[in-house]
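One gets the numbering used here by counting positions in the sequence shown from 1 and adding 12 to each.
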Amino acid sequence: MKDKRKKYLGEILAVLLGLIWISPFYLMLVNAFKSKREIFTDVLGLPEGLETTNFVEAFIDLDFINSLLNSLIVTGVSITIIVFFSSMAGYALARNKSKLSALILMLFVGAMLIPFQSVMIPLVALFGKVELLNRYGLIFMYLGFGSSLSIFLYHGAMTGISRSLDEAAIIDGANKFQTFRYIIFPLLKPISMTVGILNVIWIWNDYLLPSLVLSDSNATIPLKMFYFFGQYTKQWHLALAGLTIAIIPVVIGYFFAQKQIIAGVAEGAVK
């Protein structure tokens, strides 16, 4: 009886936690279809009618297509170069056992402890002098800030891959880059998925760094949402409609990549 009670209590607690977790999404979606008057009179209730004009106006004012393209370009290019350079760096540091390699790895690990806010002002000032306060400069910054953890993860994964694979490839006539490209890198797919997921979550949702670097014409979705909420702080029906539109790409991306995401996290954790 005690075990059954504990089971029922656990299920009730799980349901309550689920309701608490989903409640912000309910409020956002329901109120996005309401008029301004409905939101202030009954914020929890269902809408009397579907105000689809909220989404049309929010879509136009949010400049959604341009913001989405900017976010896709910045995130996609940043993830690609982070995975490319970090995997090679992790491979080189793991295969070259020397004091210098150990020192470089420790520097990368130590860099993870440095908060971005502490270097924010001098970094932006430096990039401003070389005229890189644009998408190219932002991507370069993401490479710098994302490499430390990524190299650490790749280095840890490399310790589980036997050196005999490198030796066999060299005997067959492959050089170092070919060995890495065709033999080692495919074996790093689980950790590459993990690195990609961690950096996508951070880069796609980042507001602070783009706010210091990008102009309004190149604004990403989080930055554009900040401007949008500043413009519609009292028109919550439009603000919530804009927020609903902004999360649609994330939901669609997760829907199509959920198997790879779950597999990458699980296998990366085992590694």
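Each residue gets a CB set at the ideal place from its N, CA and C atoms; glycine is no exception.
Tell me which residue opens and which closes the alpha helix (DSSP H) that residue i is part of.
i, result
"residue 73", "65–73"
"residue 153", "147–170"
"residue 60", "Counting along the chain, residue 60 falls outside any alpha helix (DSSP H), and DSSP gives it neither H nor E."
"residue 127", "Neither: residue 127 is in no alpha helix (DSSP H) and is coded neither H nor E."
"residue 201", "201–217"
"residue 85", "76–107"
"residue 179", "176–183"
"residue 225", "220–225"
"residue 2", "With the chain running from 13 to 283 in the structure shown, residue 2 is simply not present."
"residue 247", "Residue 247 -> no alpha helix (DSSP H), and no H or E assigned at all."
"residue 52", "48–53"
"residue 191", "188–191"
Can you give me the C-alpha to C-alpha distance between residue i and residue j, rounded to a whole angstrom?
i, j, result
"residue 126", "residue 61", "51 Å"
"residue 209", "residue 251", "28 Å"
"residue 97", "residue 159", "8 Å"
"residue 147", "residue 198", "30 Å"
"residue 242", "residue 193", "47 Å"
"residue 183", "residue 196", "15 Å"
"residue 280", "residue 36", "Summary for residue 280: the model assigns pLDDT 48, below 50, so the residue's position carries little reliability, and this model does not support an answer."
"residue 283", "residue 200", "The predicted position of residue 283 is uncertain, since its pLDDT is 49 and thus under 50; a value taken from the coordinates is nonetheless stated next. Their Cα atoms are separated by approximately 10 Å."
"residue 181", "residue 189", "11 Å"
"residue 38", "residue 30", "12 Å"
"residue 117", "residue 169", "14 Å"
"residue 173", "residue 152", "30 Å"
"residue 67", "residue 237", "14 Å"
"residue 85", "residue 136", "21 Å"
Check whether the Cβ atoms of residue i and residue j lie closer than 8 Å to each other.
i, j, result
"residue 113", "residue 119", "no"
"residue 91", "residue 211", "yes"
"residue 240", "residue 80", "no"
"residue 165", "residue 207", "yes"
"residue 253", "residue 70", "yes"
"residue 76", "residue 213", "no"
Give the single residue among the options whose Cα lies nearest to the Cα of residue i.
i, options, result
"residue 249", "54, 32, 80", "54"
"residue 58", "69, 44, 66", "44"
"residue 261", "247, 223, 232, 176", "232"
"residue 154", "68, 219, 50, 70", "219"
"residue 204", "225, 216, 94, 107", "94"
"residue 259", "225, 87, 216", "216"
"residue 141", "130, 225, 235", "225"
"residue 163", "124, 136, 143, 128", "124"
"residue 265", "47, 88, 99, 229", "88"
"residue 56", "65, 64, 63, 41", "41"
"residue 47", "34, 63, 33", "63"
"residue 122", "110, 157, 49, 137", "157"
"residue 82", "150, 247, 178", "150"
"residue 145", "50, 221, 255, 247", "221"
I'd like to confirm something about residue i: is its beta-carbon nearer than 7 Å to some heavy atom of the ligand NAP, or not?
i, result
"residue 34", "In terms of ligand content, the structure shown is empty, and the ligand NAP therefore cannot be addressed."
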